[in-house]
Amino acid sequence: MAQHSDIILPALAYTRGDYTALRAFCLKIPLDVIADRYYSHDAPQLETGLERYLIAMRDDLIERASVNNPLLADNLKTARRNGHITARTLDLLIQIAEAPPATPKPEQTIAMWMRPRTTAGLKAEQLVTLGDLRAFMLRRGPSWWRGVPRVGIHRAEAIANWMRKHEASLGSIYTGNYVPSPTQLELLGVGQNEYMVPIKHAKAPDWLDGSAGINRDHRFNFISAQNDLEAIRAYLDRFSDKPHTLRSYTKELERFLYWCVLEANKPLSSVLVTDCEAYKAFLKRPSARFVGDRAPRSSTRWRPFSKEPLSPASQLHAIVVIRSAFAYLVAVRYLAGNPWLAVKDPVVVKKVHEMQIDKALSRDLWDEVIDRLTERCELPENSQDRIALAMMLLLGDSGLRREEAAGAMRNALKPNKWAYDAGQLTVIGKRNAERIVPVSPRTLDALRAHWIDRGLDFDTVDQPVPLLAPLIIPQHQGAIERHATPNVVGYTGDSLYRLFQATLKRLKFDPDAIEGFTSEQFNELESASPHALRHTWGTLAVEDGMPLDVAQAIMGHQSPSTTAIYVQAKTKRILEEGAKYFAKRGEKKGRA
Numbered sequence: 001m002a003q004h005s006d007i008i009l010p011a012l013a014y015t016r017g018d019y020t021a022l023r024a025f026c027l028k029i030p031l032d033v034i035a036d037r038y039y040s041h042d043a044p045q046l047e048t049g050l051e052r053y054l055i056a057m058r059d060d061l062i063e064r065a066s067v068n069n070p071l072l073a074d075n076l077k078t079a080r081r082n083g084h085i086t087a088r089t090l091d092l093l094i095q096i097a098e099a100p101p102a103t104p105k106p107e108q109t110i111a112m113w114m115r116p117r118t119t120a121g122l123k124a125e126q127l128v129t130l131g132d133l134r135a136f137m138l139r140r141g142p143s144w145w146r147g148v149p150r151v152g153i154h155r156a157e158a159i160a161n162w163m164r165k166h167e168a169s170l171g172s173i174y175t176g177n178y179v180p181s182p183t184q185l186e187l188l189g190v191g192q193n194e195y196m197v198p199i200k201h202a203k204a205p206d207w208l209d210g211s212a213g214i215n216r217d218h219r220f221n222f223i224s225a226q227n228d229l230e231a232i233r234a235y236l237d238r239f240s241d242k243p244h245t246l247r248s249y250t251k252e253l254e255r256f257l258y259w260c261v262l263e264a265n266k267p268l269s270s271v272l273v274t275d276c277e278a279y280k281a282f283l284k285r286p287s288a289r290f291v292g293d294r295a296p297r298s299s300t301r302w303r304p305f306s307k308e309p310l311s312p313a314s315q316l317h318a319i320v321v322i323r324s325a326f327a328y329l330v331a332v333r334y335l336a337g338n339p340w341l342a343v344k345d346p347v348v349v350k351k352v353h354e355m356q357i358d359k360a361l362s363r364d365l366w367d368e369v370i371d372r373l374t375e376r377c378e379l380p381e382n383s384q385d386r387i388a389l390a391m392m393l394l395l396g397d398s399g400l401r402r403e404e405a406a407g408a409m410r411n412a413l414k415p416n417k418w419a420y421d422a423g424q425l426t427v428i429g430k431r432n433a434e435r436i437v438p439v440s441p442r443t444l445d446a447l448r449a450h451w452i453d454r455g456l457d458f459d460t461v462d463q464p465v466p467l468l469a470p471l472i473i474p475q476h477q478g479a480i481e482r483h484a485t486p487n488v489v490g491y492t493g494d495s496l497y498r499l500f501q502a503t504l505k506r507l508k509f510d511p512d513a514i515e516g517f518t519s520e521q522f523n524e525l526e527s528a529s530p531h532a533l534r535h536t537w538g539t540l541a542v543e544d545g546m547p548l549d550v551a552q553a554i555m556g557h558q559s560p561s562t563t564a565i566y567v568q569a570k571t572k573r574i575l576e577e578g579a580k581y582f583a584k585r586g587e588k589k590g591r592a
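Now the structure itself:
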C-alpha cells in the first residue's frame, strides 16, 4: 500500500453558515429545519448527508482545539463521545480552531501542524515539539525516519520538505550530502528525552574516549586506533562476513562500553579487575536506564537490555565475548593487559539437551500446514504463499537452517542420480562446512512455481541465482538498493523469519484453514519458528528409521550425540502417547 504523504493539517474551510448550522445541530434542532434554513437544496454539504457532515465538522473542531489547548482536551473528548456541546463551548471551539499560529516555532507542538497519524508516530519516539523533531532529524540524518512508527520514506520526505520551507523560524536541517558532525552523535542524550546511540554512531565525551586510558599500550599499535570506539570497531570488522557473530559481539561490546561510560565513569581502556567483577554483577540486574521494551536499534526507545533478566548462559556468553575482545586488543598492542583473565566465569548448569526439539511440529500439523499452503498456492494472486511454500519445504523437507535456505543458489541444486524426480543441494553451513542435502520432488515443484512468478524458467537456469527471492520490495532505501537488480539478491535469514511469521498469520486467519487446525495445533503454531521446521525434519526422519549417521550428515551436526537427541524425542513421544492410551482406558473402566 502506498503511504499517505499528506502530513500537514489542512486549513479550515468552513463558512459562517456551517458554524451556525453546527450550533443549531448542538441545540438539537431537527436536521430538516437546519437544511431548509441554512443551506440551498444543491449545497455540497447535503450530498453525503447533513448529519454526517456536521458530526465530522464537530469532531474536526474538537480535534484541533484539543491539540491547540491541551487543558481542554479531556473535556472535549468527553463532548465528542456523548455529542453534547453547549453553544458557549462551540464558540470557544471555533475561536481556538481558527487561530493556528501563523509561523511554526520550535517550542510549538508537532500536533499543531501535522495530522494525527503522523503526530502519533513521532510521539512514540518522544518527539513532542517541532524543536524535538528538528534535533532528532539533525542527529540521525536523512534516514532519521527508520524505525519511527507510521513514518516511511514518503511521509519522511514530506516532513523534511515542510521543515525546509519554514527553516527561517525553525532552523535548517540536513542537506542532501549530509554528514553527521561528531557533536551530533553523543553516546547519550540528556534531559527528558534520554536516548542511546548504537555503537557505530556513538561518540563518548573526550575525557571518556580512552585516548589516555591507564591500560593503554604506548607502543605503536597495529590497528592505529586512537580511542576505544575505534579499537572496538576494528575488532568487530573482523566479523563482517559473519553477520550473526557480528550482531552478537556488537551487542555485548555495546553493553559493556555503555556501562564503562555511564556507570563506572571511566573509559574502557581504564577498567581494572574490580570493574570487571562489578560488570559481572551488573549483568544479573542491569540498572533501569539500560532496560527498555523491545524497539528497533534506530529508535530512541532502544536500550541495550530487555526487561527479561539475562540467563546465566547469556551472562557467561557476554563475559567470554568481552574477554576475547580484550585479548585481541592486547595482541594488537592497543591495551597493555587483559583484566578479564582474572575474572571467573559465572556458574552455569549445563543442560542435558540444549536444543529445543520439543518445538518441532507434529507430523499431523506439518502435513496440515503444507496442505493448507498448497491449496492457497493454486490462486494466481497468492505469489507470497508460493514463496512461503518453497521456503518451508526447504526447511522442513531438507533440514536446512534459515540462513542456509536464504543463501541457497540454483547452480548448487543438481538432479539426484538415485531418484530422478528429486534433487540434491550443496549448502555452506556453520563453520563454513559444505554438505549435500536431499531435496524432495514437492520442494522442486514449489520452487518451479515460485520461479514462474519471478519470470524465470527453473529448469533451464544453471547460474548462481538465489532459489528464493522477494517479489515485493520494501520501499526504504536500503531494500531498494539491495534489490536494484531483480533476481540477483535473495532473502536474508531475518527476512525469511519475517516471511515465515507472516505466512503463519495468514494461515491462522484464513477461514478455510481454521477448519483444518485443532486448538492444540493452533497453540503449536503460536511458538513455531523457521528453526522448528529443521527440528521437525530431524524428528520425523529418525522416527521413520533413517540411520543416525545419515541424519547427522544431512543436518551438518559435528557430533553424533547432537543428532541422537532426536532419538530421545521419539522416545518422549512414545511415552506421551502411551500415557494418553492409559488415560483413555482408565476413563472407559470408570464408566463401566
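Residues in the sequence shown are numbered from 1 upward in steps of one, following UniProt numbering.
Note that CB positions come from ideal geometry on N, CA and C, so glycine has one too.
*Simplified DSSP state of residue 291, which is helix, strand or coil*: Translated into positions along the sequence shown, residue 291 becomes position 291. Residue 291: strand per DSSP, three-state reduction.
*Provide the residue span of the alpha helix (DSSP H) that contains residue 157, from first to last.*
Residue mapping note: residue 157 aligns to position 157 of the sequence shown, counting from 1. Run containing residue 157: 153 to 165, per the alpha helix (DSSP H) assignment.
*asked:* Please report the straight-line C-alpha distance between residue 18 and residue 164, rounded to a whole angstrom.
replied: The sequence position of residue 18 within the sequence shown is 18, counting from 1. The sequence position of residue 164 within the sequence shown is 164, counting from 1. So the alpha carbons of these two residues sit roughly 35 Å apart.
*Going by C-alpha distance, which of 399, 371 and 343 is nearest residue 389?*
Your numbering for residue 389 matches position 389 in the sequence shown. Ranking the options by Cα distance to residue 389, first place goes to 371.
*Would a C-beta distance cut-off of 9 Å place residue 425 and residue 412 closer than the cut-off?*
For this step, residue 425 is matched to residue 425 along the sequence shown. For this step, residue 412 is matched to residue 412 along the sequence shown. The answer is yes: Cβ separation under 9 Å.
*Work out the CA separation of residue 340 and residue 269 for me, nearest whole Å.*
Stepping through the sequence shown from its first residue, residue 269 is reached at position 269. Stepping through the sequence shown from its first residue, residue 340 is reached at position 340. The straight-line gap from Cα to Cα measures roughly 12 Å.
*Helix, strand or coil: which one does DSSP assign to residue 419?*
Locating residue 419 in the sequence shown gives position 419, where the first residue counts as 1. The answer is strand: DSSP assigns residue 419 an E or B state.
_Please list the terminal residues of the continuous alpha helix (DSSP H) segment that includes residue 646._
It is not possible to answer for residue 646, since the shown part of the chain is limited to 1 through 592.
*Cβ-Cβ distance between residue 343 and residue 261 below 9 Å*: Translated into the one-based positions of the sequence shown, residue 343 becomes position 343. Translated into the one-based positions of the sequence shown, residue 261 becomes position 261. Their beta carbons are not under 9 Å apart, which means residue 343 does not touch residue 261 by this criterion.
_For residue 117 and residue 14, the rounded distance between their alpha carbons_ = Here residue 14 corresponds to residue number 14 of the sequence shown, with the count starting at 1. Here residue 117 corresponds to residue number 117 of the sequence shown, with the count starting at 1. C-alpha separation (whole angstroms): 22 Å.
*Identify the residues that DSSP records as bridge partners of residue 312: which are they?*
In the sequence shown, counting from the first residue as 1, residue 312 sits at position 312. Its beta-bridge partners do not exist; DSSP assigns none.
*Is there contact here, the segment 494 to 510 with the segment 326 to 333, by at least three beta-carbon pairs under 8 Å?*
no
_Span of the alpha helix (DSSP H), counted from its first residue to its last, around residue 34_ = For the purposes of this step, residue 34 is identified with residue 34 of the sequence shown, where counting begins at 1. It spans 31 to 38 - the alpha helix (DSSP H) in which residue 34 sits, taken as one unbroken run.
*Buried or exposed: which applies to residue 522, given that a residue is buried once 16 or more other Cβ atoms fall within 10 Å of its Cβ?*
Translated into positions along the sequence shown, residue 522 becomes position 522. Label assigned to residue 522: exposed.
*Ends of the beta strand (DSSP E) at residue 437?*
The count along the sequence shown starts at 1 and reaches residue 437 at position 437. 434 to 439 is the span of the beta strand (DSSP E), which, as asked, contains residue 437.
*Nonlocal neighbours in the same chain, by C-beta distance under 6 Å from residue 286, ignoring five residues either side*: Here residue 286 corresponds to residue number 286 of the sequence shown, with the count starting at 1. Closer than 6 Å at Cβ, skipping near neighbours: 305.
*Where does residue 428 fall in DSSP's three states?*
The residue given as residue 428 occupies position 428 in the sequence shown. In the structure shown, residue 428 sits in a strand (DSSP, three-state: E or B).
*Member of 414, 438, 125 and 320 whose CA lies at the smallest distance from the CA of residue 553*: The residue you call residue 553 lines up with position 553 of the sequence shown. Taking only the C-alpha atoms, the option nearest residue 553 is 438.
*Is the beta carbon of residue 488 less than 9 Å from the beta carbon of residue 474?*
Position 488 of the sequence shown, counted from the start, is the residue given in the question as residue 488. Position 474 of the sequence shown, counted from the start, is the residue given in the question as residue 474. It is not a contact, given that the beta carbons lie outside the stated cut-off.
*Assuming residue 115 and residue 171 form a contact by the criterion Cβ under 8 Å, report the distance between their Cβ atoms to the nearest whole angstrom.*
As a first step, residue 115 must be located in the sequence shown, where it is residue number 115. As a first step, residue 171 must be located in the sequence shown, where it is residue number 171. Contact flag wrong, Cβ pair sits at about 23 Å.
*Buried or exposed for residue 121, please, with buried defined as at least 16 other CB atoms from any protein chain shown within 10 angstroms of its CB.*
Translated into the one-based positions of the sequence shown, residue 121 becomes position 121. For residue 121, the number of other beta carbons within 10 angstroms of its own is at least 16, and it is reported as buried.
*Give every residue of the same chain whose Cβ lies closer than 6 Å to the Cβ of residue 537, excluding the five residues on either side of it in the sequence, and list them in chain order.*
Against the sequence shown, residue 537 aligns to sequence position 537. Cβ neighbours of residue 537 beyond the five flanking positions: 396 and 399.
_Where residue 218 falls, given that 16 or more other Cβ within 10 Å makes a residue buried_ = Against the sequence shown, residue 218 aligns to sequence position 218. Residue 218 is exposed by the Cβ-count criterion.
*Please classify residue 22: does DSSP put it in a helix, a strand, or coil?*
Working through the sequence shown from its first residue, we reach residue 22 at position 22. In this structure, residue 22 counts as helix in the three-state DSSP scheme.
*Ordered along the chain, which non-local residues of its own chain (more than five positions away) have a Cβ less than 7 Å from that of residue 449?*
Here residue 449 refers to the residue found at position 449 when the sequence shown is read from its first residue. Within the same chain, residue 449 has close Cβ partners 377 and 386.
*Ignore the nearest five residues each way along the sequence and tell me which others in residue 105's own chain have a CB closer than 8 Å to its CB.*
In the sequence shown, the residue the question calls residue 105 occupies position 105. Scanning its chain for C-beta atoms nearer than 8 Å, with the 5 sequence neighbours on each side dropped, one finds around residue 105 the residues 130, 169 and 170, in chain order.
*Measure the Cβ-Cβ separation of residue 405 and residue 530 and say whether it is below 9 Å.*
Residue 405 sits at position 405 when you count from the first residue of the sequence shown. Residue 530 sits at position 530 when you count from the first residue of the sequence shown. Against a cut-off of 9 Å, the Cβ pair of residue 530 and residue 405 comes out as a contact.
*Could you check what DSSP says for residue 546 in three-state terms: helix, strand or coil?*
Locating residue 546 in the sequence shown gives position 546, where the first residue counts as 1. In the structure shown, residue 546 falls within a coil segment according to DSSP collapsed to helix, strand and coil.
_Does residue 403 pass the burial test, meaning 16 or more other C-beta atoms within 10 Å, or should it be called exposed?_
Counting from one through the sequence shown, the residue named residue 403 turns up at place 403. The residue in question, residue 403, is buried, as its Cβ has 16 or more Cβ neighbours within 10 Å.
*Of the residues 482, 214 and 579, the one placed nearest residue 267, counting alpha carbons only*: Translated into positions along the sequence shown, residue 267 becomes position 267. Taking only the C-alpha atoms, the option nearest residue 267 is 214.
*Which residues mark the beginning and the end of the alpha helix (DSSP H) in which residue 390 is found?*
Position 390 of the sequence shown holds residue 390. Following the DSSP letters along the chain, one finds residue 390 inside the alpha helix (DSSP H) bounded by residues 383 to 396.
*Rounded straight-line distance, which links the Cα of residue 230 to that of residue 259*: As a first step, residue 259 is located in the sequence shown; it is residue number 259 there, counting from the start. As a first step, residue 230 is located in the sequence shown; it is residue number 230 there, counting from the start. So the two alpha carbons sit approximately 17 Å from each other.
*Buried versus exposed, by CB contacts within 10 Å (16 or more), residue 209*: If you number the sequence shown from 1, residue 209 lands on position 209. Counting Cβ neighbours within 10 Å, residue 209 comes out buried, since at least 16 surround it.
*Can at least three beta-carbon pairs, one atom from the segment 245 to 257 and one from the segment 314 to 327, be found at a separation below 8 Å?*
They touch, by the three-pair rule.
*Sort 456, 505, 422 and 455 by Cα distance to residue 445 and report the nearest one.*
One-based indexing of the sequence shown puts residue 445 at position 445. That would be 422, whose Cα lies nearest to the Cα of residue 445.
*Of the residues 452, 308, 153 and 312, which one's Cα is nearest the Cα of residue 281?*
Translated into the one-based positions of the sequence shown, residue 281 becomes position 281. Minimum Cα distance to residue 281 is reached at 312.
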